[in-house]
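Chemist: Residue numbers (our numbering): 643 to 1539. Each residue gets a CB set at the ideal place from its N, CA and C atoms; glycine is no exception. After the structure tokens below, expect a handful of questions from me.
Set out below in structure tokens:
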């Protein structure tokens, strides 16, 4: 579900282990020689024909960690520290040996300097002789008290210093899901802003997407067990349009989780790079990071907890491409880059977690687009934050964020292909039709809207159908209600009825349901059937349970169709039938839960452009979760059915209940994201509400209650840290060791060796894994400081014997893993330390180069779940080489005699 299979995987039995003048037109000039040996450059993997320069390191100059940038009208860069101020840079030309000049940007001129200053910006844009700043700031920040929102900075006396600050729109949101970016409109006459799902939609003057949004999912709601976004409801993250003065605001698009940035192509189509929820790994509602085509009034269905919408739902839109796991930051279009023609319709999507710039090559498909992904640039590590095309046509980008080491780079083309400007191809007829329909999303009711849009409700193009439906929803319901109820074309009828459900009154429910029952479902293709089922679902959600007269008719209509021949159809049908409490559906659903690979599973719109296994060794912080999950991937489709069955209140046989509740205890044996166990437990508890009180204790135990911690969010094992944990580093941990480790608990130290997954990769006295070195003699070879430093900062020194290798491929991609074997034709690479026997065969003919990775195959933060006593016991265990008779332990043994 979570990754595509790019190459053959083998299971083996044995693992062998600037000033304005600076910005001139680019020439094919090599970078200064001083850059060639810079480790900050050497760690980069560049696409063929491109060169890179490391320009500046803010963190080395005590200027924070930069996360946003823009260029002003003099070609200077303005950048912001995530938790600090703004800086202005003069960047020398590519062929120049001069250094970057940096000044902290002040507001006003002495003695009238604004001492609060400006910063904490997730988004910056120089436009209309002004600097627009999207502040993302905590409400309780006493150091920098400015509120989150969009600000305009102006130089009113032409002295090259901003002296006027105007808050255009305050926003109730902060943190990494708060207000983000601000960009120019395609005609450069207005602005677009984007915010994450922890930012309330402020009052708008108009709404292209009607503001009657709801959660709209019959799937039994379980909010994130660990509390993330539990108070964040529809519509999630959003995009708004405003004028240069910020006087008129219009909601354009919504339903995102945490999209940091957006970009227009040369023809004015808008694209967004949205985030995943990594705690949902392995669960059926997990949605990969993805590129979305943000058309007018678009909805992309983010909802809290497990209520995220399927991309198949008719009332939202699908992504252009699913990228995979990651942390999206910047998105830009290369239309203005001085790059070869093949990049002129390409998006660059920046992933902070895994240090990859994904090049998304867009291709028109009807009124929307498809996208193919290639790796444009990567680094290990390289926490990408923002980027922009400079006045010279080069790509400038920042790395940093979260107070990490921060750097500014420049990338430019030095190959042989032409970089001359290329005119954008005109939009096609389908795109033009969609845009014409979208004109009815603005300006209020229009007498021509219904007549123009109605014929397009049955258009085969999904984006055109969506635009037509929204055009109709912007018109008074009385103008089209009867048309919707009397429409005979099944596709147009479905779309019109969805609009009536969303915009009409509840007194029309029976007529709507009868109209849906009149559709010959068997004559429709799968996508059309799904739209009909979605219409039923919305009718139940927005208008309530059907009455006793029509409910049997709906059951009789749906029940013979279940089970269907595809996983997605079965998701929709199971949800509807169990909501209606149809007893015969229980047996059918349980039968589906025995199918390992249900037909149509690959059509759930979860396929990704990157393979999960390729990401593990790109990040010591996030790779561990992916590695653990891939070692034992949960059956997501079965999890979906298990949660749907919590709606089934009647019709269970004793045997069916035994099978069902036993499934939960089995499910706890799989590995998922951080919230996986908690979600399974909450689903289990919903199911227990439907059993008699006399049976609750029995089924509670059968379903795995004794396997769980008190919170239900973790499994109890013999090696479970009690916590509370802390962030361990040399400063917090070394004094505890140097003060002497006496009276330590050997058994607890041994248990923590397993609990922190050290044992999965390392051997101690003949027990454990072989991915990493044997640690039995660790205490005789390394000091306590060296030992602790290797644990808390595994990337600082990576042994050649256990280093990963980055393979650059001819197709522009790369693979990172540990090279364990090779023959004349292939390399055999282990990418998962928790499943080292799984090897990927990489053909040598497809490899252009290979180099050692700077990222350790050991993950960071493994001991952060330990409390002080557990930490000291683990360190004693390591320092003793697993010897229970070591004096660090025997002192305690003697005292207990």
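Where residue 1527 and residue 1405 are concerned, what is the direct C-alpha to C-alpha distance, given to the nearest angstrom?
Modeler: Rounded to whole angstroms, residue 1527 to residue 1405 spans 19 Å at the Cα level.
Chemist: Can you give me the start and stop residues for the alpha helix (DSSP H) that residue 821 sits inside?
Modeler: Where residue 821 is concerned, there is no enclosing alpha helix (DSSP H), although the beta strand (DSSP E) it sits in stretches over 821-826.
Chemist: Using CA atoms only, rank isn't needed, just tell me which of 1059, 960, 690, 1092 is closest to residue 982.
Modeler: The residue with the shortest Cα to Cα distance from residue 982 is 1059.
Chemist: On the premise that residue 1312 lies in contact with residue 761, defined as a C-beta separation below 8 Å, what is that separation, rounded to the nearest angstrom?
Modeler: Not confirmed; about 45 Å, so no contact.
Chemist: Can you tell me whether DSSP reads residue 1496 as helix, strand or coil?
Modeler: Correct three-state label for residue 1496: coil.
Chemist: Where in the stretch 1013-1090 do unbroken runs of the beta strand (DSSP E), each at least 3 residues long, occur, reported from the N-terminal end onward?
Modeler: The stretch 1013-1090 contains these whole beta strand (DSSP E) runs: 1026-1031, 1037-1041, 1049-1055.
Chemist: Cα separation between residue 1498 and residue 1438?
Modeler: Taking the straight line from one Cα to the other gives about 8 Å.
Chemist: Please state whether DSSP places residue 903 in a helix, a strand or coil.
Modeler: Residue 903: coil per DSSP, three-state reduction.
Chemist: Would you call residue 1239 buried or exposed, if buried means 16 or more other Cβ atoms sit within 10 Å of its Cβ?
Modeler: Counting Cβ neighbours within 10 Å, residue 1239 comes out exposed, since fewer than 16 surround it.
Chemist: Would you say the stretch 1041-1055 touches the stretch 681-692, given that touching needs at least three Cβ pairs under 8 Å?
Modeler: The answer is yes - the stretch 681-692 touches the stretch 1041-1055, with three or more Cβ pairs under 8 Å.
Chemist: By the three-class DSSP mapping on this structure, what secondary structure does residue 1294 have?
Modeler: Reduced to three states, the DSSP call for residue 1294 is coil.
Chemist: Which first and last residues belong to the beta strand (DSSP E) in which residue 1359 is found?
Modeler: Looking at the DSSP string, residue 1359 is not in any beta strand (DSSP E), and its letter there is neither H nor E.
Chemist: What whole-angstrom Cβ distance do residue 933 and residue 913 have, given they're in contact under 8 Å?
Modeler: Indeed they touch by this definition, with Cβ atoms about 6 Å apart.
Chemist: Please report how far the alpha carbon of residue 963 lies from the alpha carbon of residue 754, in whole angstroms.
Modeler: Looking at the two C-alpha atoms, the distance is approximately 51 Å.
Chemist: Do residue 826 and residue 794 have their beta-carbon atoms positioned less than 8 Å apart in this structure?
Modeler: No; because the gap between Cβ atoms is not below 8 Å, this pair is not in contact.
Chemist: Mark residue 641 as exposed unless 16 or more other C-beta atoms lie within 10 angstroms of its C-beta, in which case mark it buried.
Modeler: Residue 641 lies beyond the residue range present for the chain, which begins at 643 and ends at 1539; the question has no answer from this structure.
Chemist: What residue from 1449, 1056, 1109, 1522 has the CA that sits closest to residue 1495's CA?
Modeler: The candidate whose alpha carbon is nearest that of residue 1495 is 1449.
Chemist: In angstroms with no decimal places, state the Cα-to-Cα distance between residue 1520 and residue 1514.
Modeler: Straight-line Cα distance between these residues: approximately 10 Å.
Chemist: Are there 16 or more other CB atoms within 10 angstroms of the CB of residue 1531, so buried, or fewer, so exposed?
Modeler: By the neighbour-count rule (16 or more Cβ atoms within 10 Å), residue 1531 is buried.
Chemist: At what residues does the beta strand (DSSP E) containing residue 1337 begin and finish?
Modeler: Where residue 1337 is concerned, there is no enclosing beta strand (DSSP E), although the alpha helix (DSSP H) it sits in stretches over 1335-1344.
Chemist: Return the first residue and the last residue of the alpha helix (DSSP H) that residue 1281 is part of.
Modeler: Per DSSP, residue 1281 belongs to the alpha helix (DSSP H) from 1278-1286.
Chemist: Compare the C-alpha of residue 862 against each of 1339, 1213, 1373 and name the closest.
Modeler: It is 1213.
Chemist: For residue 916, is the classification buried or exposed, using 16 other Cβ atoms within 10 angstroms of its Cβ as the cut-off for buried?
Modeler: Residue 916 should be labelled buried.
Chemist: Go ahead and pull the three-state DSSP assignment for residue 1520.
Modeler: Helix, per DSSP.
Chemist: Does DSSP put residue 942 in a helix, in a strand, or in coil?
Modeler: Looking at residue 942 - three-state DSSP - the assignment turns out to be coil, as it is neither helix nor strand.
Chemist: Check whether chain B comes within 8 Å of residue 1065, counting only Cβ atoms and requiring the distance to be less than that.
Modeler: Looking at the structure shown, chain B is missing, and only one protein chain is on hand.
Chemist: Look up residue 895 in the DSSP assignment and give the residues it is bridged to.
Modeler: DSSP, once it has assigned bridges, lists 881 as partnering residue 895.
Chemist: Would you give the residue range spanned by the alpha helix (DSSP H) that residue 1220 belongs to?
Modeler: 1209-1221 is the extent of the alpha helix (DSSP H) around residue 1220.
Chemist: My output table needs one value for residue 964: the three-state DSSP class, helix, strand or coil.
Modeler: Here residue 964 sits in strand by DSSP.
Chemist: Can you say whether residue 1017 is buried or exposed, counting buried as having 16 or more other CB atoms within 10 angstroms of its CB?
Modeler: By the 10 Å Cβ count, residue 1017 comes out buried.
Chemist: Tell me whether residue 665 sits in a helix, a strand or coil according to DSSP, three-state version.
Modeler: Residue placement at residue 665 is poorly supported in this model, since its pLDDT is 33, which falls under 50; the coordinates still yield a value, given next. Residue 665 falls in the coil class under three-state DSSP.
Chemist: In three-state terms, what does DSSP make of residue 791?
Modeler: Reduced to three states, the DSSP call for residue 791 is strand.
Chemist: So for residue 653, helix, strand or coil by DSSP?
Modeler: For residue 653, the predicted structure reports a pLDDT of 35, less than 50, and the residue's modelled location is therefore unreliable. A value from the coordinates is still provided. Here residue 653 sits in strand by DSSP.
Chemist: Return the CA-CA distance between residue 911 and residue 935, expressed in angstroms with no decimal places.
Modeler: In a straight line, the C-alpha of residue 911 is about 7 Å away from that of residue 935.
Chemist: Tell me whether residue 1195, by its Cβ, gets closer than 7 Å to a heavy atom of the ligand SAM.
Modeler: The ligand SAM is not among the ligands present in this structure, which contains no ligands whatsoever.
Chemist: Do you know whose CA, among 1522, 1166, 1181, lies nearest residue 1383's CA?
Modeler: Measuring from the Cα of residue 1383, the nearest candidate turns out to be 1522.
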